[in-house]
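K.L.:
This is the structure, below, for whatever I ask next.
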Amino acid sequence: TVKAARDGDRDGYRLAVADDGPGIPDGVRARIFEPFFTTRREGTGLGLAIARRLVRDVGGSIVLESEEGRGTCVSVHLNAGEGPDDIHGERSVTAGGESL
Numbered sequence: 273t274v275k276a277a278r279d280g281d282r283d284g285y286r287l288a289v290a291d292d293g294p295g296i297p298d299g300v301r302a303r304i305f306e307p308f309f310t311t312r313r314e315g316t317g318l319g320l321a322i323a324r325r326l327v328r329d330v331g332g333s334i335v336l337e338s339e340e341g342r343g344t345c346v347s348v349h350l351n352a353g354e355g356p357d358d359i360h361g362e363r364s365v366t367a368g369g370e371s372l
């Protein structure tokens, strides 16, 4: 599920990407934003490290919440000021017949 909304607690926007997969084990979760950390054979371990750096560079934050057996949610919070003014409320995106 992908949701974008005005962040009522902060002057900004929130983008959340969630799934209902197996979740991320504690040991992996503790290191998931470290550069070059990966659990995949073909992975580089740079994706989330780069994402966190970019979000922090513009004054935002990125948070990962996961519970084994219940799924994972990654939320990006960005400050208002240079974001789109047309986001009001929460929206879902549909692609290929799936609600994202």
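According to my numbering, the sequence shown is numbered sequentially starting from 273. Don't be surprised by glycine CBs; every beta carbon is placed ideally from N, CA and C. Everything numeric in this text was worked out from a predicted model, so none of it was measured.
Cβ of Val289 within 7 angstroms of Cβ of Val346?
P.N.:
Closer than 7 angstroms, so yes.
K.L.:
Tell me the DSSP bridge mates of Gly343?
P.N.:
DSSP output for Gly343 lists Glu339 as bridge partner(s).
K.L.:
Rounded to whole angstroms, how far is the Cβ of Glu306 from the Cβ of Ala321, which I believe are closer than 8 angstroms?
P.N.:
Indeed they touch by this definition, with Cβ atoms about 6 angstroms apart.
K.L.:
So which of Ala302, His349, Asp298 and Arg312 has the shortest CA-CA distance to Gly331?
P.N.:
When only C-alpha atoms are compared, the closest one is His349.
K.L.:
On the criterion of 16 or more Cβ atoms from any shown chain inside 10 Å, does Thr311 qualify as buried, or is it exposed?
P.N.:
Exposed, because fewer than 16 other Cβ atoms sit within 10 Å of the Cβ of Thr311.
K.L.:
Have a look at Asp329 and Pro294 and give me their C-alpha separation to the nearest angstrom.
P.N.:
Whole-angstrom Cα-Cα distance: 31 angstroms.
K.L.:
Quick one: residues in its chain with C-beta nearer than 6 angstroms to the C-beta of Gly333, no 5 flanking neighbours on either side, listed in chain order?
P.N.:
Note that residue 333 corresponds to Ser in the displayed sequence, not to Gly. Answer for Ser333: His349, listed in chain order.
K.L.:
Val327 by DSSP, collapsed to three states: which one?
P.N.:
Three-state DSSP puts Val327 in a helix.
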